[in-house]
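Down below is the structure, laid out as structure tokens.
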Amino acid sequence: MALSSLATLCSSPPVSAVRDSPAVSNLNGLSPVADDAAAPSAFLRSGGGGGDLKEIKQLHCRVAKKGPTHNNELIAKCAEVGTPESLDYALKVFEGWKEDECVAGSLFVCNSLIRACSFAGLGERAILVFVRMLEMGVMPDKYTFPFLLSACTKVSWFREGVQVHGAIVKMGFAGDMFVANTLIHFHFECGDVVDGRRLFDKMPERNVVSWTSLICGYSRRDCPKEAVSLFFDMVEAGAVPNSVTMVCVIAACAKLQDLKLGERVHSYIGNLDIEPNGHMVSALVDMYMKCGAFVTAKRIFDCCVERNLVLYNTIMSHYVKRGMAREALAVLDEMLEQGPQPDRVTMLSAISASAALNELFFGKACHGYILRNGLQEKDDNINNAMIDMYMKCGESGLACTIFNSMSNKTVVSWNSLLAGYVKIGDVRSTREIFDEMPERDLVSWNIMIGGLVQESLFEEAIEFFRMMQREGIKADKVTIVSVASACGNLGSLGLAKWIYHYTEENVIERDMLLDTAFVDMFGRCGDPKMAVQIFEKMEKRDVSSWTAIICAMATEGNGKQALELFKEMLTQGVEPDDVTFVGLLTACSHSGLVEQGRRLFQSMEEVYGISPKVVHYGCVVDLLGRAGLLEEALDFIKSMPIEPNDIIWGSLLSSCRTHKNVEIAAYAANRSPELTSDRTGIPVVLSNIYASEGKWSEVAKVRLKMKERGMHKVPGSSSTEVNGVVHQFSSGDESHPEMSRIAQMLDEINCKLRDAGHVPDLRNVLLDVDDHEKKFLLSRHSEKLAIAYTLISTGQKMPVRVVKNLRTCSDCHTYAKLVSKVYDREISIRDNNRFHFFKEGFCSCGDFW
DNA sequence: GTAGGGTTAG
Numbered sequence: 014m015a016l017s018s019l020a021t022l023c024s025s026p027p028v029s030a031v032r033d034s035p036a037v038s039n040l041n042g043l044s045p046v047a048d049d050a051a052a053p054s055a056f057l058r059s060g061g062g063g064g065d066l067k068e069i070k071q072l073h074c075r076v077a078k079k080g081p082t083h084n085n086e087l088i089a090k091c092a093e094v095g096t097p098e099s100l101d102y103a104l105k106v107f108e109g110w111k112e113d114e115c116v117a118g119s120l121f122v123c124n125s126l127i128r129a130c131s132f133a134g135l136g137e138r139a140i141l142v143f144v145r146m147l148e149m150g151v152m153p154d155k156y157t158f159p160f161l162l163s164a165c166t167k168v169s170w171f172r173e174g175v176q177v178h179g180a181i182v183k184m185g186f187a188g189d190m191f192v193a194n195t196l197i198h199f200h201f202e203c204g205d206v207v208d209g210r211r212l213f214d215k216m217p218e219r220n221v222v223s224w225t226s227l228i229c230g231y232s233r234r235d236c237p238k239e240a241v242s243l244f245f246d247m248v249e250a251g252a253v254p255n256s257v258t259m260v261c262v263i264a265a266c267a268k269l270q271d272l273k274l275g276e277r278v279h280s281y282i283g284n285l286d287i288e289p290n291g292h293m294v295s296a297l298v299d300m301y302m303k304c305g306a307f308v309t310a311k312r313i314f315d316c317c318v319e320r321n322l323v324l325y326n327t328i329m330s331h332y333v334k335r336g337m338a339r340e341a342l343a344v345l346d347e348m349l350e351q352g353p354q355p356d357r358v359t360m361l362s363a364i365s366a367s368a369a370l371n372e373l374f375f376g377k378a379c380h381g382y383i384l385r386n387g388l389q390e391k392d393d394n395i396n397n398a399m400i401d402m403y404m405k406c407g408e409s410g411l412a413c414t415i416f417n418s419m420s421n422k423t424v425v426s427w428n429s430l431l432a433g434y435v436k437i438g439d440v441r442s443t444r445e446i447f448d449e450m451p452e453r454d455l456v457s458w459n460i461m462i463g464g465l466v467q468e469s470l471f472e473e474a475i476e477f478f479r480m481m482q483r484e485g486i487k488a489d490k491v492t493i494v495s496v497a498s499a500c501g502n503l504g505s506l507g508l509a510k511w512i513y514h515y516t517e518e519n520v521i522e523r524d525m526l527l528d529t530a531f532v533d534m535f536g537r538c539g540d541p542k543m544a545v546q547i548f549e550k551m552e553k554r555d556v557s558s559w560t561a562i563i564c565a566m567a568t569e570g571n572g573k574q575a576l577e578l579f580k581e582m583l584t585q586g587v588e589p590d591d592v593t594f595v596g597l598l599t600a601c602s603h604s605g606l607v608e609q610g611r612r613l614f615q616s617m618e619e620v621y622g623i624s625p626k627v628v629h630y631g632c633v634v635d636l637l638g639r640a641g642l643l644e645e646a647l648d649f650i651k652s653m654p655i656e657p658n659d660i661i662w663g664s665l666l667s668s669c670r671t672h673k674n675v676e677i678a679a680y681a682a683n684r685s686p687e688l689t690s691d692r693t694g695i696p697v698v699l700s701n702i703y704a705s706e707g708k709w710s711e712v713a714k715v716r717l718k719m720k721e722r723g724m725h726k727v728p729g730s731s732s733t734e735v736n737g738v739v740h741q742f743s744s745g746d747e748s749h750p751e752m753s754r755i756a757q758m759l760d761e762i763n764c765k766l767r768d769a770g771h772v773p774d775l776r777n778v779l780l781d782v783d784d785h786e787k788k789f790l791l792s793r794h795s796e797k798l799a800i801a802y803t804l805i806s807t808g809q810k811m812p813v814r815v816v817k818n819l820r821t822c823s824d825c826h827t828y829a830k831l832v833s834k835v836y837d838r839e840i841s842i843r844d845n846n847r848f849h850f851f852k853e854g855f856c857s858c859g860d861f862w
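So in our numbering, spot 547 of the first sequence is number 560, and the numbers just go up one at a time.
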């Protein structure tokens with residue numbers, strides 16, 4: 014942590030506003046001992062201008078009786094000082110001016126005053142001066158208008174600007190190049206691209222500023238392509254770009270995120286012999302960062318000795334965006350030691366960095382600094398960023414205090430709060446805020462949908478997506494990434510196809526992230542062909558894209574293909590991450606590739622420097638257990654350097670079930686920490702193992718234990734989609750409206766299967782009842798209900814797709830195989846672990862799962 | 001005298 018920064022941030026002299034701050038009481042308690050002497054002087058500087066105003070007043074007293082000429086002197090002095098106070102003072106003097114006091118030189122003074130107002134960003138005062146000078150009969154000249162118009166532009170006073178434009182034309186100054194240049198700028202800032210361009214085209218002669226205004230205008234109006242192409246036109250036309258032109262065109266390249274183009278434009282700086290300045294360095298660093306050329310950007314930053322505020326802010330914001338929050342704070346450290354005084358943009362990055370690092374202490378220090386310097390006044394962004402920071406640091410109370418104190422809550426303020434509650438996982442508050450919002454935009458919906466997905470409320474996420482459509486909000490790629498994830502988790506191929514077509518029909522921008530989400534979605538929905546098709550068409554693929562396709566292969570049970578893809582990924586120079594290994598190990602496990610799995614696990618740390626997490630150990634336990642190597646799996650667990658969790662023991666247990674090993678099962682169950690927690694997986698599996706071996710007294714013991722702890726078994730449930738409607742069945746469920754037809758069908762299937770030689774495996778019934786009852790219960794497993802319903806509700810040869818919440822039992826597996834043959838239907842069952850594709854009596858898993 | 005870089009939420 015940047016301690017010196019903290020010390021400095023906390024030791025600045027407080028102003029009255031700090032006392033009213035919600036955070037301040039805490040901050041005062043936390044602040045290191047104030048040591049003003051150690052703080053950089055810039056930090057202690059007060060507002061400035063107070064002394065100058067005193068000087069102005071003294072001057073006023075001295076010249077008061079000397080006549081009108083001296084008023085000029087006084088106003089010129091005010092303009093020179095240029096603070097709001099001094100300009101107000103000038104206006105007051107100006108107000109008292111009488112017409113006959115105007116003398117030669119007054120026009121010059123008025124122009125200077127308007128110029129000063131424009132510089133200070135005080136458009137209103139500039140207009141006042143202009144109106145007053147007209148009243149007094151001081152006629153403006155061509156020097157009056159550029160600053161007057163630019164003052165209007167700066168404060169977005171477009172109505173007044175249009176009036177000024179009228180005055181310009183009436184008074185005959187429209188032909189002046191300087192005035193025309195300002196008019197171009199004004200029109201572009203109004204959003205009036207066409208008129209701006211027309212003005213440029215009509216100019217009889219142009220200078221570098223004319224070109225630059227046009228290039229800048231296009232770039233800022235989100236037409237960076239036109240901006241860059243105009244730059245080349247300009248060079249072609251023989252006009253010589255200067256450093257301002259370069260800044261504008263570099264900014265346009267940054268917007269395009271086109272590194273090649275950026276480098277080409279960069280080379281002009283040397284070729285045209287343009288002296289590099291601070292503005293240009295900042296623009297270049299920003300451009301290279303936005304184009305992903307981090308090393309080049311960093312080199313330019315490091316080489317620059319005279320680092321100005323914007324350059325620091327640029328590098329800081331990019332560090333934060335790239336997840337390098339510590340580095341961002343190190344930059345702040347350097348600024349506080351030697352550099353320019355941090356401003357509101359600096360603090361926005363500092364707050365973001367605090368939020369990313371969960372550094373509440375530092376965040377509060379930033380809050381204090383912001384209040385002491387009044388940076389939060391008139392700046393909603395700062396307040397919004399602080400809401401975000403406090404929410405991320407777990408201080409929802411402080412976040413709400415800031416939120417409630419804001420007089421001008423924008424949709425962004427609401428969204429920041431909303432996103433904060435999503436991050437804590439507080440679905441109820443999120444929903445309440447969402448309902449309470451006076452206005453919702455695309456981001457609000459995206460936060461809500463993303464939040465529901467995060468909380469595994471996939472159906473609700475889809476429902477919100479539909480609601481969003483009904484309200485006429487057009488989804489973007491961020492929405493679709495969340496929705497695709499929801500579809501993938503629901504495993505509904507119909508929904509997946511629908512959302513995919515929605516994206517194509519609505520021409521929603523595709524990027525690597527979205528394509529990767531689609532690959533993942535189709536992988537999970539049992540359409541690996543589609544996943545591969547999308548993957549192959551991708552222009553750029555990162556580690557997540559490769560991982561998604563590897564996982565798709567793993568889910569399908571295509572271990573060999575998964576390993577092939579991994580090889581290809583390495584050839585293309587993409588480094589695997591820990592998630593990639595989850596996919597690879599799962600793939601090996603599902604395909605019985607024990608040796609390959611062992612080797613991959615070994616290589617994780619040795620070759621790729623990735624320390625295995627619990628989930629990877631779980632995969633290996635699964636790999637060994639499924640292959641029947643239960644002793645080795647147990648030894649492996651015993652040798653783990655980290656504490657095995659419920660999932661590890663659960664995985665071993667379920668292998669014990671498959672391979673009927675009661676001893677190891679009992680051992681594992683007793684080691685599992687879950688028996689003392691309130692989740693149910695392990696006791697259920699254990700009781701199932703005892704049940705399948707007919708050890709009913711043991712079953713009763715485990716069940717009693719569960720009951721005492723208030724646990725209950727999660728009921729098996731399967732869903733299937735028929736004509737776009739999802740039908741849900743739970744085990745033994747008779748509530749479906751078409752239950753009598755389903756029962757009839759179940760009987761028919763049972764007869765046909767019996768004729769085909771199928772004997773129900775009654776060990777799958779985990780209750781102590783007679784065989785007749787067992788047969789009945791077995792025939793009502795949820796996947797069987799779903800299969801039967803789909804068979805009677807869909808046409809011949811239509812595939813049957815079932816999604817199950819638990820692992821499918823061995824009887825249902827055999828059942829599905831035979832149904833696929835007897836009824837000549839392709840059947841897929843996605844259980845909580847993988848896909849099974851049944852066709853002509855065989856399953857894609859090769860009975861290995 | 002006109003034109004320029006960095007900005008919060010998904």
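Cβ atoms here follow ideal geometry from the backbone N, Cα and C, with glycine treated the same way.
Check for me: the alpha helix (DSSP H) holding R814 runs from which residue to which?
On the first sequence, position 801 is the one that residue 814 refers to. It is not in any alpha helix (DSSP H) - R814 instead sits in the beta strand (DSSP E) that spans V813 to K817.
Straight-line Cα distance separating I755 from L798
Start at 1 with the first residue of the first sequence, and residue 798 comes out as number 785. Start at 1 with the first residue of the first sequence, and residue 755 comes out as number 742. C-alpha separation (whole angstroms): 7 Å.
Would you report the Cα separation of V815 and R847, rounded to the nearest angstrom?
As a first step, residue 815 must be located in the first sequence, where it is residue number 802. As a first step, residue 847 must be located in the first sequence, where it is residue number 834. Their backbone Cα atoms lie some 12 Å apart in a straight line.
Supposed close pair I446, L431 - CB separation, criterion 8 Å
For the purposes of this step, residue 446 is taken as the residue at position 433 of the first sequence. For the purposes of this step, residue 431 is taken as the residue at position 418 of the first sequence. With a Cβ gap of about 5 Å, I446 and L431 count as contacting.
Using the Cα positions of K852 and T568, report the straight-line distance between them to the nearest angstrom.
Numbered from its first residue, the first sequence carries residue 852 at position 839. Numbered from its first residue, the first sequence carries residue 568 at position 555. The alpha-carbon atoms of K852 and T568 are separated by roughly 17 Å.
Residue burial classification, I88 (beta-carbon count within 10 angstroms, cutoff 16)
Position 75 of the first sequence holds residue 88. Buried, since its Cβ has 16 or more Cβ neighbours within 10 Å.
Taking C-alpha atoms, which residue in S256, F171 and Y156 lies nearest to M190?
Walking along the first sequence from the start, residue 190 turns up at place 177. Ranking S256, F171 and Y156 by Cα distance to M190 puts Y156 first.
On the DSSP bridge list, what partners appear for S616?
Within the first sequence, numbered from 1, the residue matching residue 616 stands at position 603. Answer is none; S616 lacks a bridge partner.
Tell me the rounded alpha-carbon separation between V323 and L345.
In the first sequence, the residue the question calls residue 323 occupies position 310. In the first sequence, the residue the question calls residue 345 occupies position 332. Going from the Cα of V323 to the Cα of L345 covers about 12 Å.
For S232, which residues of its own chain have a beta-carbon under 7 Å away from its beta-carbon, when the five flanking residues on both sides are left out?
Along the first sequence, one-based indexing puts residue 232 at 219. Once the five neighbours on either side are set aside, the close Cβ partners of S232 are A240, C261, A264, A265 and K268.
Can you check DSSP and say which residues form a bridge with F848?
As a first step, residue 848 must be located in the first sequence, where it is residue number 835. F848 is bridged to R843.
Short check: CB of G433 to CB of K405, under 8 Å?
Within the first sequence, residue 433 is the residue found at index 420, counting from 1. Within the first sequence, residue 405 is the residue found at index 392, counting from 1. Contact: yes.
C-alpha distance - E517 paired with L161, whole-angstrom precision
Reading the first sequence from its first residue, position 504 is the one you call residue 517. Reading the first sequence from its first residue, position 148 is the one you call residue 161. If you take the alpha carbons of E517 and L161, they lie about 49 Å apart.
Leaving aside the five residues before and after E839 along the sequence, list all residues of the same chain whose C-beta is less than 6 Å from its C-beta, in chain order.
Numbered from its first residue, the first sequence carries residue 839 at position 826. Once the five neighbours on either side are set aside, the close Cβ partners of E839 are P812 and K852.
Measuring only the C-alpha atoms, how far is I313 from L526?
Here residue 313 refers to the residue found at position 300 when the first sequence is read from its first residue. Here residue 526 refers to the residue found at position 513 when the first sequence is read from its first residue. About 30 Å.
Decide if the region 783-801 is in contact with the region 823-838; the criterion is three or more beta carbon pairs, one per stretch, under 8 Å apart.
yes
What span of residues does the beta strand (DSSP E) with F742 cover, start to end?
Looking up residue 742 in the first sequence gives position 729. Looking at the DSSP string, the run of the beta strand (DSSP E) that includes F742 is V738 to S743.
Using 7 Å as the cut-off, classify the Cβ of I650 as near or not near the heavy atoms of the ligand NAP, replying yes or no.
Inclusion of the ligand NAP in the displayed structure is not the case, the ligand content being empty and no account of it being possible.
Just verifying my parser: in three-state terms, what is the DSSP assignment at S295?
Within the first sequence, numbered from 1, the residue matching residue 295 stands at position 282. Reduced to three states, the DSSP call for S295 is helix.
Cα-Cα separation, F416 to I328:
Working through the first sequence from its first residue, we reach residue 416 at position 403. Working through the first sequence from its first residue, we reach residue 328 at position 315. Cα-Cα distance, rounded: 29 Å.
CA nearest to the CA of E93, picked from C316, P159, D844 and I69:
By one-based count along the first sequence, residue 93 stands at place 80. E93 has its Cα closest to that of I69, out of C316, P159, D844 and I69.
Assuming Y621 contacts P654 under a Cβ cut-off of 8 Å, what Cβ separation, rounded to an integer in Å, is found between them?
On the first sequence, position 608 is the one that residue 621 refers to. On the first sequence, position 641 is the one that residue 654 refers to. Y621 to P654, Cβ: 18 Å. No contact.
My guess is that I475 and V496 are in contact by the Cβ rule of under 8 Å, so how many angstroms apart are they, rounded?
If you number the first sequence from 1, residue 475 lands on position 462. If you number the first sequence from 1, residue 496 lands on position 483. Right, the Cβ-Cβ distance comes to about 7 Å (below 8 Å), so this counts as a contact.
How would you call A398, buried or exposed, if buried means at least 16 neighbouring beta carbons within 10 angstroms?
In the first sequence, residue 398 corresponds to position 385, counting from 1. A398 is buried by the Cβ-count criterion.
Taking 8 Å as the threshold, find out whether the region 700-709 comes into contact with the region 753-771 through three or more Cβ pairs.
no
Which listed residue (C500, R537 and S223) has its alpha carbon closest to that of G209:
Position 196 of the first sequence, counted from the start, is the residue given in the question as residue 209. Selected option, being the one with the closest Cα: S223.
With DSSP as the reference, label F855 as helix, strand or coil.
Within the first sequence, the letter at position 842 stands for residue 855. Correct three-state label for F855: strand.
Going by beta carbon distance, what residues of the same chain come within less than 8 Å of G61, once the five residues before and after it are set aside?
Here residue 61 corresponds to residue number 48 of the first sequence, with the count starting at 1. With a pLDDT of 41 at G61, under the threshold of 50, the modelled position of that residue is not reliable, and the figure given next carries that caveat. If we look at G61 and ignore the five residues flanking it on each side, its Cβ neighbours are T96.
To which residues of the same chain is P35 closer than 6 Å at the C-beta, ignoring the five residues directly before and after it?
Indexing the first sequence from 1 puts residue 35 at position 22. Model confidence at P35 stands at a pLDDT of 32, short of 50, so the residue's coordinates are unreliable; what they give is reported in the following sentence. Cβ neighbours of P35 beyond the five flanking positions: L411 and T414.
Which residues bound the beta strand (DSSP E) around V735?
Within the first sequence, the letter at position 722 stands for residue 735. First-last of the beta strand (DSSP E) with V735: S730 to V735.
Residue from L227, L637 and D286 whose Cα sits closest to the Cα of S256
Walking along the first sequence from the start, residue 256 turns up at place 243. For the residues L227, L637 and D286, the minimum Cα distance to S256 belongs to D286.
Determine whether the beta carbon atoms of G376 and A368 lie at a separation below 8 Å.
Looking up residue 376 in the first sequence gives position 363. Looking up residue 368 in the first sequence gives position 355. Against a cut-off of 8 Å, the Cβ pair of A368 and G376 comes out as a contact.
Would you identify the three-state DSSP class for M152, choosing helix, strand or coil?
For the purposes of this step, residue 152 is identified with residue 139 of the first sequence, where counting begins at 1. DSSP places M152 in coil when its eight states are reduced to three.
Which residues bound the alpha helix (DSSP H) around Y231?
Locating residue 231 in the first sequence gives position 218, where the first residue counts as 1. Looking at the DSSP string, the run of the alpha helix (DSSP H) that includes Y231 is V221 to R233.
Going by beta carbon distance, what residues of the same chain come within less than 6 Å of L370, once the five residues before and after it are set aside?
The count along the first sequence starts at 1 and reaches residue 370 at position 357. Only A338 meet the Cβ criterion.
Where P625 falls, given that 16 or more other Cβ within 10 Å makes a residue buried
For the purposes of this step, residue 625 is taken as the residue at position 612 of the first sequence. By the 10 Å Cβ count, P625 comes out buried.
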